[in-house]
Every structure is written in C-alpha cells, then in structure tokens.
Amino acid sequence: ERWREDTSFSLNERSQGVNPGDRAVLDRLQRTEPYEGTSPSFRLSLFREQGEHWALNGRFTYTAGRRNFVFDESAAGVSRFGAAANRQVAVSGDARRPVTTGHLTISLFPAKNWTITNHTGFHSTRIDGLASYRELENNSTILEAVDFNYLGIRNASNTTDALWQLKPWLAIRGGYHFADREIRSREVQTVEDFSFGIDSAQSNRLHAGAAGVRIRPVRGMALAFDGELGRQSRPFYTISDKDYHGLSARWQYKRNSLTASAMARLFYNFNTVSLSVHSSRTRQYSFDTAWTPRDWLAFDAGYAYLHAGTATGIQYFVAGSLISGRQALWVSNLHTGNAGIRASIKERVDIYAGLSATRDTGGTPAGNAPNLPVFLAAQTYPMSFTSPLARISIRLHTKLRWNAGWQYYRYREDPYPTQNYRAHTGYTSLLWTF
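For the sequence shown, our numbering gives the first residue as 254, with consecutive numbering after it.
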C-alpha cells in the first residue's frame, strides 16, 4: 500500500476568532502539510488437527511501514497586548514503523472430560527515525527545538487454561496468565549547539491466576462462580491495575418461555508508586428476565446496580509550600432499569412500549443531602435520566408497512441544574420491500 496527501491552507484576511472578548487577532496564516507513506505487509496462517487428541491454530502478520511528513506553518497578527506577533512552526519526520503480531494456540484433549489450552501472543510496534519540531518567535528570536528518535512497544503474553468436566452437571476450570510489556523511547535534546540523547525504558510483568466452577443442579438452571488474583510489577499509570482481585457469580434459569438471569461481581485494585497511592473498588449486581406467554405477547425487564469508589493520593503546592497526604475521592452509586412489552395483533399490527431509567445517587445508595459541601459536590455526580418510548408498525400490504414512534427524554443533574433538559421526539415512515 502506498499513499500521498498534500494539504494546504491559507488565510489572508483578518480574523477575530470565536471569542469576541479575546483581543488577539490573526491577520495571516499559511500552512502546508504533505504526508506520504508505504505499508508493505504479509500474513501467515497455520491450522492443524490430529484426530481428537490435539489442535493447533496460529497467525503471524508483519507490516514494514514507512512514513514521511512535513508541517510548515507561518502566522502573523496582533497579540492580546496589542503588539505585533509573528510565529513560524516547522515539524518534519522520516521514520520506519514496523509492526509485528503473532498468535499461537495449542489445544490438548487427553481425555473426553479434559481440555487444556495454551495461548501465546506477541506484539511489537516501533517508530525508528527522526522527528523534529522547531518553533520560532520572530519578534523575540526565541527558537524552541524538540527532537525524537525512537519509540518501541513490545508485549508478550502466555495463557494456560484447563477445564475438567467431572460430571455432566459439574465442571472445574483453572488458569494462569503471564504478560511482559516493555516501552522504550529516545529523545534528543540540543543545548547550545550540543546534542545528546535521553534513553528511557520501563517494563511491567503480570502474573495472574484464575479459577472457576460450573454447576447445573437441575434441568434448565446453571450456576457459575469465578475468581481471579493478579499482581503487576510496575504498571505504567497510577490508576492501572496492580495488586487486584475479582470475584463473580452468575445464575441463569430457563424453562419453556421464561428466561431469568442474575449476576454479582466485585473488583478491588490497589496501586502504590513512589509519589502516589491509588485504590478502587467496584461492586455490580444485575437481574434480567424475559417471558413470552403467547406467540403474540412478550415481556422483558432488567435492573442493575453499580457501586464504584476510588481514592487517589495527591500532592500540590500552595504559596510555595508542598501539601501532601491528601486524597482525591470519587464515589458513584448507579442504578439502571428497563422494562418493555411487545404485542402483535393478528400478524398485522406490531406494538412496543418501554421505559429505561438511570439514576446515580452519588455518595450513598439512597442519595446525598440536598445541600452538598463544595468538595463533596466535586467527589460525586448525582444525576438521573428517564426515557419512555412507544412504537407501532401496521402492515398495509404484503410489501408495504407504516411505522410511527415517540420517545421522551428527561435529563437532570443535581449539582448543576443549568444542564438539565427535556425533549419529545417522534417519527413516521413508510417501508416498502421489493
């Protein structure tokens, strides 16, 4: 693949901008930014089975990308202080961008009730070349220069899972996951005509174990319990998963035209670095059901509750003094519900009516006090959203239908009522099939 794009823009008349209160004025702007590149690539796939004992599946791709670009901009005008301003910006780059991806999955079936799967993945992205940024203020002759030479991201992972079907109604699974990720970069800085490179690298390793059990105690009912425990050596962000664990339970029941399911899940994460501490906790519960008592009548409903809370350590300066040991908090208690009914009258008229509602009560499951302190208002976001709707479709002919619908939207924020809104929407249409 090869492509090229030449984009230019020019402005030769005075422009005040979108903010009338800003006294800065742009008199002239010239910009060109040609961009071109090539992406030769190839793909290799592998698949093999040996009876009922093992199977192998793999894929490998490689793209030898290359990019060249130039960005040249010149702007002239008046600053907000009334002085003439003239700025030039030049950015250029010429780099190779090879991308390598590989996956290999091996499945073993030592017995009829045993399944062992091993998956290995590899991904590498590199940007190797020179990227240069130059900014010149003509009035002050100040030149800003930034050069960048290399960025490489490499990720390798391996996952092993085993499933043991002890009984037709009982199964146990377990697994181990390992991942190693490394990011390397090289930046070139120039000080008084002397250039030197700054190499940076950071690697992170993940070790995680998972286990679960599947139970079918009676016909039509299924239960699943799962858990995962993970540890990362050096996450890249303070809010990334580090020392975490999660538990979940699911229940499903199906009999004739009735289907019901429920789920409970929790996830705790604790991440500590040299300058900050971050922890998060989430708990989620949900229930859904669907019932079709007749061929022409159906009901569905669902409810979900999500509690999320985070605490992140922060440090800042006030009047030259360092303030430490403080936390940035966030608490959410989100309730969502939906219900609907579908009906078909003599296979000629289809009717649907439904309601969806969302409510975040903020700091407590029941709701916050009406007068929130200033800092508490920044740590929660109480809001509500309600939307009923109705639709009808009438078959006028074997190939012609008339459709109509209505939906109402109501959005409300407790701390910021200026953003509240209401809306009624409706539509009608004719559907012709041929």
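Glycine residues also receive a C-beta, built at the ideal position from the N, C-alpha and C atoms.
All of these numbers come straight from a predicted model, not from anything done at the bench.
>> Using DSSP's beta-bridge definition, name the partner residues of P351.
In response: If you number the sequence shown from 1, residue 351 lands on position 98. DSSP lists A317 as partners of P351.
> Is it true that the region 396–405 meets the region 414–430, where meeting means three or more beta-carbon pairs spaced less than 8 Å apart?
Replying inline: no
> Per DSSP, R579 forms a beta bridge with which residues?
Replying inline: Within the sequence shown, the letter at position 326 stands for residue 579. DSSP output for R579 lists I567 as bridge partner(s).
>> I'd like the list of long-range same chain contacts for A657, defined as Cβ closer than 6 Å, with 5 residues on each side in sequence excluded.
In response: The residue given as residue 657 occupies position 404 in the sequence shown. Around A657: I645 and T681.
> Given L282, which residues of its chain have a CB within under 6 Å of its CB, disregarding the five upstream and five downstream residues?
Replying inline: As a working mapping, residue 282 is identified with position 29 in the sequence shown. Excluding residues within five positions, the ones whose Cβ falls inside 6 Å are L264 and A328.
> Would you say L653 and L683 are within 8 Å of each other, going by their C-beta atoms?
Replying inline: Translated into the one-based positions of the sequence shown, residue 653 becomes position 400. Translated into the one-based positions of the sequence shown, residue 683 becomes position 430. Going by C-beta atoms, L653 is nearer than 8 Å to L683.
> Going by alpha carbons, who is nearest to S438 out of G465, Y497, T378 and E388?
Replying inline: Here residue 438 corresponds to residue number 185 of the sequence shown, with the count starting at 1. The residue with the shortest Cα to Cα distance from S438 is T378.
>> Whole angstroms are fine: how far does the CA of Y558 sit from the CA of N621?
In response: Reading the sequence shown from its first residue, position 368 is the one you call residue 621. Reading the sequence shown from its first residue, position 305 is the one you call residue 558. In this prediction, N621 scores a pLDDT of 44, lower than 50, which makes its location untrustworthy; no coordinate-derived value is stated.
>> Which residues does DSSP list as the beta-bridge partners of L419?
In response: The count along the sequence shown starts at 1 and reaches residue 419 at position 166. According to DSSP, which records beta bridges pairwise, L419 is partnered with nothing at all.
> Roughly how far, in whole angstroms, is the beta-carbon of A561 from the beta-carbon of S529, given that I think they are within contact range, below 8 Å?
Replying inline: Position 308 of the sequence shown, counting from 1, holds the residue named residue 561. Position 276 of the sequence shown, counting from 1, holds the residue named residue 529. At roughly 19 Å, the Cβ-Cβ gap does not stay under 8 Å, so A561 and S529 are not in contact.
> From which residue to which residue does the beta strand (DSSP E) around I369 run?
Replying inline: Numbered from 1 along the sequence shown, position 116 holds the residue referred to as residue 369. Segment W367 to E390, the beta strand (DSSP E) holding I369.
> Do the CB positions of S345 and F322 come within less than 8 Å of each other?
Replying inline: The count along the sequence shown starts at 1 and reaches residue 345 at position 92. The count along the sequence shown starts at 1 and reaches residue 322 at position 69. Going by C-beta atoms, S345 is nearer than 8 Å to F322.
> According to the neighbour-count rule (16 or more other Cβ atoms, all chains shown, within 10 Å of its Cβ), is T614 buried or exposed?
Replying inline: By one-based count along the sequence shown, residue 614 stands at place 361. So T614 counts as buried.
> Looking at C-beta atoms only, is the number of pairs between the region 504–513 and the region 540–549 that lie closer than 8 Å three or more?
Replying inline: yes
>> Using 8 Å for Cβ pairs, my map puts Y605 next to G593. What's the rounded Cβ distance?
In response: For this step, residue 605 is matched to residue 352 along the sequence shown. For this step, residue 593 is matched to residue 340 along the sequence shown. With 8 Å as the limit, Y605 and G593 qualify as a contact, their Cβ atoms being about 7 Å apart.
> Which residue comes first and which comes last in the beta strand (DSSP E) that contains G304?
Replying inline: On the sequence shown, position 51 is the one that residue 304 refers to. That residue, G304, is in no beta strand (DSSP E); it is neither H nor E in DSSP.
> Under the three-state reduction of DSSP, which class applies to T686: helix, strand or coil?
Replying inline: For the purposes of this step, residue 686 is taken as the residue at position 433 of the sequence shown. Reduced to three states, the DSSP call for T686 is coil.
> So what does DSSP say about T491, is it helix, strand or coil?
Replying inline: Residue 491 sits at position 238 when you count from the first residue of the sequence shown. Coil.
> Quick one: is K495 buried, meaning 16 or more other Cβ sit within 10 Å of its Cβ, or exposed?
Replying inline: One-based indexing of the sequence shown puts residue 495 at position 242. The residue in question, K495, is buried, as its Cβ has 16 or more Cβ neighbours within 10 Å.
>> Here's a check: name, in chain order, each residue in its chain whose Cβ is nearer than 6 Å to the Cβ of P618, leaving out the five neighbours to either side.
In response: In the sequence shown, counting from the first residue as 1, residue 618 sits at position 365. Low confidence applies here, because P618 scores a pLDDT of 49, under 50, leaving its location unreliable; read the following figure in that light. The answer, listed in chain order, is N586.
>> So, for R319: in the same chain, excluding its five sequence neighbours on each side, which residues have a beta-carbon less than 7 Å away from its beta-carbon?
In response: As a working note, residue 319 is residue 66 in the sequence shown. Counting only Cβ-Cβ distances below 7 Å, and skipping sequence neighbours, we find G290, T291, R349 and R350.
> Grouping DSSP H, G and I as helix and E and B as strand, with all else coil, what is T671?
Replying inline: Counting from one through the sequence shown, the residue named residue 671 turns up at place 418. Of the three classes helix, strand and coil, the one that applies to T671 here is helix, per DSSP.
> In or out: Q568 buried (at least 16 other Cβ within 10 Å) or exposed?
Replying inline: Counting from one through the sequence shown, the residue named residue 568 turns up at place 315. It is exposed - the Cβ of Q568 has fewer than 16 other Cβ atoms within 10 Å.
>> According to DSSP, is N624 part of a helix, a strand, or is it coil?
In response: Sequence index remark: in the sequence shown, residue 624 carries index 371 (1-based). The pLDDT assigned to N624 is 47, lower than 50, so where the model puts this residue is not dependable; a value taken from the coordinates is nonetheless given after this. Residue state, collapsed to three classes: coil.
>> On the CB-based measure, 16 or more other CB atoms within 10 Å of its CB, does N624 come out buried or exposed?
In response: Position 371 of the sequence shown holds residue 624. Reliability fails at N624, whose pLDDT of 47 lies under 50, so the model's placement of it is uncertain and the value that follows must be treated cautiously. Exposed, since its Cβ has fewer than 16 Cβ neighbours within 10 Å.
> Given N457, which residues of its chain have a CB within under 7 Å of its CB, disregarding the five upstream and five downstream residues?
Replying inline: Locating residue 457 in the sequence shown gives position 204, where the first residue counts as 1. Excluding sequence neighbours, N457 sits near R434, Q485, S486, R487, P488 and F489.
>> For a cutoff of 8 Å on Cβ pairs, would you count T639 as touching chain B?
In response: Among the protein chains of the structure shown there is no chain B, as only one such chain exists.
> Since A557 sits in a beta bridge, which residues does DSSP pair it with?
Replying inline: Looking up residue 557 in the sequence shown gives position 304. DSSP output for A557 lists S539 and T589 as bridge partner(s).
> Is I380 buried or exposed, if buried means 16 or more other CB atoms sit within 10 Å of its CB?
Replying inline: Within the sequence shown, numbered from 1, the residue matching residue 380 stands at position 127. Result: buried.
> For T314 versus S332, is the C-beta distance shorter than 8 Å?
Replying inline: Taking the sequence shown and counting its residues from 1, one reaches residue 314 at position 61. Taking the sequence shown and counting its residues from 1, one reaches residue 332 at position 79. The answer is no: Cβ separation not under 8 Å.
> N524: buried (16+ other C-beta within 10 angstroms of its C-beta) or exposed?
Replying inline: Reading the sequence shown from its first residue, position 271 is the one you call residue 524. Its Cβ being crowded by 16 or more others within 10 Å, N524 is buried.
>> To the nearest angstrom, how far is the alpha carbon of D603 from that of D667?
In response: Sequence index remark: in the sequence shown, residue 603 carries index 350 (1-based). Sequence index remark: in the sequence shown, residue 667 carries index 414 (1-based). So the alpha carbons of these two residues sit roughly 38 Å apart.
>> Given this structure, state the Cα-to-Cα distance separating S597 from F687, to the nearest angstrom.
In response: Within the sequence shown, the letter at position 344 stands for residue 597. Within the sequence shown, the letter at position 434 stands for residue 687. Cα-Cα distance, rounded: 23 Å.
> Between T563 and W549, which are expected to be in contact by the criterion C-beta below 8 Å, what is the C-beta distance as a whole number of angstroms?
Replying inline: Position 310 of the sequence shown holds residue 563. Position 296 of the sequence shown holds residue 549. Not a contact, Cβ separation roughly 48 Å.
> Which of the three DSSP states, helix, strand or coil, is assigned to A619?
Replying inline: Position 366 of the sequence shown, counted from the start, is the residue given in the question as residue 619. Below a pLDDT of 50, predicted positions are generally treated as unreliable, and A619, at 46, falls in that range; no measurement from the model is reported.
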